[in-house]
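Note that UniProt numbering gives residue 401 to position 401 of the sequence shown, counting from 1, and the numbers run on in steps of one.
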Amino acid sequence: MATIRRDQRPVNLDASSNPANDLPPISALFLIYFDIKAGYTIGWKRSLPGIELDGVVEYKSLPSGLHTVKDDLIYFVHEHHAGLSAFLNAPAAEEIRNARMIAVGAMVPLSYGRLGRCWKHAERLKEMASVLIKDPTSTNVLEEFWELHKVRDSSPDAESDSLPTSPTSVSYQPLRTASGKPKSHGRNRSASDGTVLLRPENNLSAYHPAWSLPDLLETFGPLIFPIYRAALLRKRILVVAHAPVEQTCNFVYDLSVLSNIPLAVSDLFAPTASSQRLQPLFSIGIHDIPLLEEDLRASKTPAAAHGSGDAQDTVEPGHGWIACTTDSILATKTSLYDVLVTMPPPFSDKAAEKVWPKVESPKGIDMKATQRDLRRYKALRAGLSQFFSPPPSPPLSRHASAGAQDSERPRSISLPTLPLDSHLLDMPDTDGILEPLSWSALAYSGFMWWASAGEQRLHSEEESEADNALLSGLSMSTSRVNTPTLASQSLVSLKTEGEAQRETAIIAYFHRLTTQILTTLSDIADATDSDDEREDGDHLLNDEESEAAMYVTSADMVRMGLDIWSPNDHRFIEDMATEYFGRRAQVEGEGIDICGIRIC
1 MATIRRDQRP VNLDASSNPA NDLPPISALF LIYFDIKAGY TIGWKRSLPG
51 IELDGVVEYK SLPSGLHTVK DDLIYFVHEH HAGLSAFLNA PAAEEIRNAR
101 MIAVGAMVPL SYGRLGRCWK HAERLKEMAS VLIKDPTSTN VLEEFWELHK
151 VRDSSPDAES DSLPTSPTSV SYQPLRTASG KPKSHGRNRS ASDGTVLLRP
201 ENNLSAYHPA WSLPDLLETF GPLIFPIYRA ALLRKRILVV AHAPVEQTCN
251 FVYDLSVLSN IPLAVSDLFA PTASSQRLQP LFSIGIHDIP LLEEDLRASK
301 TPAAAHGSGD AQDTVEPGHG WIACTTDSIL ATKTSLYDVL VTMPPPFSDK
351 AAEKVWPKVE SPKGIDMKAT QRDLRRYKAL RAGLSQFFSP PPSPPLSRHA
401 SAGAQDSERP RSISLPTLPL DSHLLDMPDT DGILEPLSWS ALAYSGFMWW
451 ASAGEQRLHS EEESEADNAL LSGLSMSTSR VNTPTLASQS LVSLKTEGEA
501 QRETAIIAYF HRLTTQILTT LSDIADATDS DDEREDGDHL LNDEESEAAM
551 YVTSADMVRM GLDIWSPNDH RFIEDMATEY FGRRAQVEGE GIDICGIRIC
């Protein structure tokens with residue numbers, strides 16, 4: 001198991017088995033209401049010295065479009081603090097435009113975790129909002145809450161509240177590989193399988209963003225993989241959506257977690273490698289444009305380009321981010337982001353056909369999933385639905401169960417139950433989000449069918465076994481894995497009775513996929529260096545000579561689970577080699593050779 005260094009922290013899903021007794025201390029508390037003349041106004045506030053609220057929280061807490069919804073939860077980040085506000089919209093007298101809109105929000109230190117565990121306060125913030133929307137003068141509930149939970153000198157810091165041995169921290173164990181390539185540079189070769197360890201008595205708290213992970217997969221389908229790859233490259237990802245924003249904020253959290261670098265492979269990289277963690281900014285608006293402009297300037301400086309790679313959660317400009325917004329004007333600021341994700345409108349879930357999110361570059365070029373992504377998604381979806389049965393009763397509505405206890409409020413939404421061979425079935429409505437088959441791929445498929453149908457079937461079986469290997473050991477039966485070797489490699493299973501099995505398995509799956517990509521690239525870098533040393537004999541290579549290009553073969557692409565025919569996957573590997581290993585990469589294209597002559 002990888003050793004946790006001082007400057008690295010595991011992905012913490014929930015550090016306490018009793019959330020009611022483990023609420024993070026707050027550094028600010030505020031009430032915002034809508035005034036027909038002044039707009040959103042701070043009606044009551046308390047904060048620690050040095051924390052400015054005016055002109056900040058009223059915009060971050062209330063994104064555009066909230067007047068169209070009855071309630072919402074909004075996450076945001078401001079400097080070294082994470083914020084959460086509970087919004088309510090209730091009918092009122094005509095003189096205030098027939099509606100009363102308020103938000104009760106809190107800020108917590110970002111000293112540990114992407115949100116400082118502020119979701120633990122969500123239930124109480126919603127309760128206080130429901131009181132204050134009926135009687136805005138009942139601020140005594142705010143005073144009591146502030147006095148009870150404000151940061152004190154004697155309060156334990158957030159890090160001691162979330163120990164690395166926390167039962168739901170993501171831990172890793174080595175996954176044996178068949179690679180026999182030479183190892184050099186004194187690197188630690190332990191590979192992460194991303195297995196998540198949970199104690200039976202631990203569950204995620206009711207409003208934890210990770211509950212939305214099954215929804216994330218269903219919403220994005222195969223598109224989750226190109227977005228995940230962009231997040232691995234620490235791109236600036238902007239998600240444009242409509243109110244309410246709670247689910248979109250949860251998706252921001254989820255994507256930042258899925259793209260986290262496992263601890264067991266974090267020491268394989270060059271000193272100039274990208275940050276270990278993509279910075280989630282959560283909800284942003286037009287008032288955050290200066291922040292994004294500052295990040296753009298910082299990303300062009302040598303200090304940002306050569307990040308330290310630490311896992312601190314404070315906002316550090318220039319290292320990539322992911323955020324969501326309801327201000328569509330931000331999408332026109334094409335210099336401020338690298339990837340634009342446009343979510344379908346809320347009513348699209350009632351459409352006769354599936355409406356997928358739109359993923360594109362700043363130039364408007366669609367970013368699509370590969371054919372390999374589609375097959376991998378089918379395998380993942382089938383595995384999750386097969387081995388994680390639906391809950392015995394439908395989840396309670398979060399609106400109807402505001403006062404329910406965590407154990408009574410299952411937040412996860414079950415993926416549809418699929419037949420055992422569902423990963424072999426076609427998914428409808430995916431043509432618009434998939435890269436078309438290239439002529440080379442079509443020709444190769446036709447040639448393989450003509451030359452050797454058995455070889456084509458063997459390739460399909462190898463790919464299926466690779467997908468099963470990513471799923472094995474994640475509280476799933478290994479009966480679908482055909483080889484004893486893979487079954488024997490199944491690691492620690494998730495044996496908890498808690499509601500978080502599926503969610504933690506999804507995180508572990510993507511962390512295994514990240515490990516698979518990075519360890520393969522590291523092996524190639526080591527092999528390249530070793531070959532150069534052998535060729536030069538006793539000659540000591542200088543820095544320029546030691547930076548030989550890494551040659552990535554089609555077999556290497558297959559090992560990494562990527563599409564050998566996709567130019568976008570080729571560019572992804574080239575970018576990964578540069579970002580994490582400071583090396584150039586040359587990716588071999590697949591083709592057909594007949595009698596030593598390449599015909600395509």
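In this text, a Cβ means the ideal position worked out from N, Cα and C, and glycines have one as well.
Pairing Y551 with I286, the inter-Cα distance amounts to about 44 angstroms. The continuous beta strand (DSSP E) containing H81 extends over residues H81 to P91. For the set G318, S275 and Y509, the Cα lying nearest the Cα of E293 is the one of G318.
Between V252 and L340, the beta carbon gap of about 14 angstroms keeps them out of contact (Cβ cut-off 8 angstroms). If you ignore the 5 residues before and after S256, its C-beta comes within less than 8 angstroms of the C-beta of R114, A231, R277, L278, Q279, P280 and I322, all in its own chain and listed in chain order. Judged by DSSP secondary structure, V69 falls outside any alpha helix (DSSP H); it is assigned neither H nor E.
DSSP, reduced to helix, strand and coil, places Q386 within a helical segment of the structure shown.
Taking a contact as a CB-CB distance under 8 angstroms, the pair L233 and E579 counts as one, their CB atoms being some 6 angstroms apart.
A distance below 7 angstroms between beta-carbons, with the five flanking residues on each side excluded, links L513 to the following residues of its chain, in chain order: L470 and G561. Going by C-alpha positions, T137 is about 59 angstroms away from F581.
For T553, there is no enclosing alpha helix (DSSP H), as DSSP gives it neither H nor E. Counting C-beta atoms within 10 angstroms of its own C-beta, A106 has 16 or more neighbours from the protein chains shown and is therefore classed as buried. Across the structure, L148 and G383 are spaced so that their CA atoms are roughly 45 angstroms apart. A check of alpha carbon separations from E127 across R46, A86 and W146 identifies A86 as the nearest. Straight across, the Cα-Cα distance linking A38 with E79 is about 26 angstroms. Sequence-distant Cβ neighbours of H570 in its own chain, meaning closer than 7 angstroms and more than five residues away, are V587.
In this structure, T334 is the residue among F76, R297, K350 and T334 with its C-alpha nearest to the C-alpha of I365. The beta carbon of K358 sits closer than 6 angstroms to the beta carbons of T342 from its chain, once the five residues preceding and following it are set aside; these are given in chain order. The residue among S472, T139, P214 and K120 with its C-alpha nearest the C-alpha of A103 is T139. For Q586, the three-state secondary structure derived from DSSP is strand.
Residue environment for P436: exposed (fewer than 16 other C-beta atoms within 10 angstroms of its C-beta). Restricted to the segment 226–255, the beta strand (DSSP E) segments that are unbroken, complete and at least 3 residues in length are 236–240, listed in chain order. About 4 angstroms separates the beta carbon of R584 from that of A549, a gap short enough to meet the 8 angstroms contact definition. Counting along the chain, the unbroken alpha helix (DSSP H) around E127 starts and ends at A122 to L132. F347 carries a helical assignment under DSSP once its states are collapsed to helix, strand and coil. For E293, the secondary structure class from DSSP, reduced to helix, strand or coil, is helix.
Contact between L296 and L238 does not hold, since the beta-carbon distance rounds to 12 angstroms and is not under 8 angstroms. For A577 and I433, the gap between their C-alpha atoms comes out near 26 angstroms. Around the beta-carbon of R152, fewer than 16 other beta-carbon atoms lie within 10 Å, marking it exposed. In this structure, K60 keeps its C-beta atom at 9 angstroms or more from the C-beta atom of A90.
Bounds of the beta strand (DSSP E) holding P109 are A99 to P109.
In the DSSP annotation of this structure, the continuous segment of the beta strand (DSSP E) that includes P280 starts and ends at Q279 to I284. Counting along the chain, K60 sits inside the alpha helix (DSSP H) bounded by residues V57 to K60.
The Cβ-Cβ distance between G83 and A243 does not fall below 9 angstroms. Secondary structure note for L213: its alpha helix (DSSP H) is the uninterrupted segment L213 to F220. Restricting attention to D22, M557, D523 and T519, the CA atom closest to the CA of A264 is found in T519.
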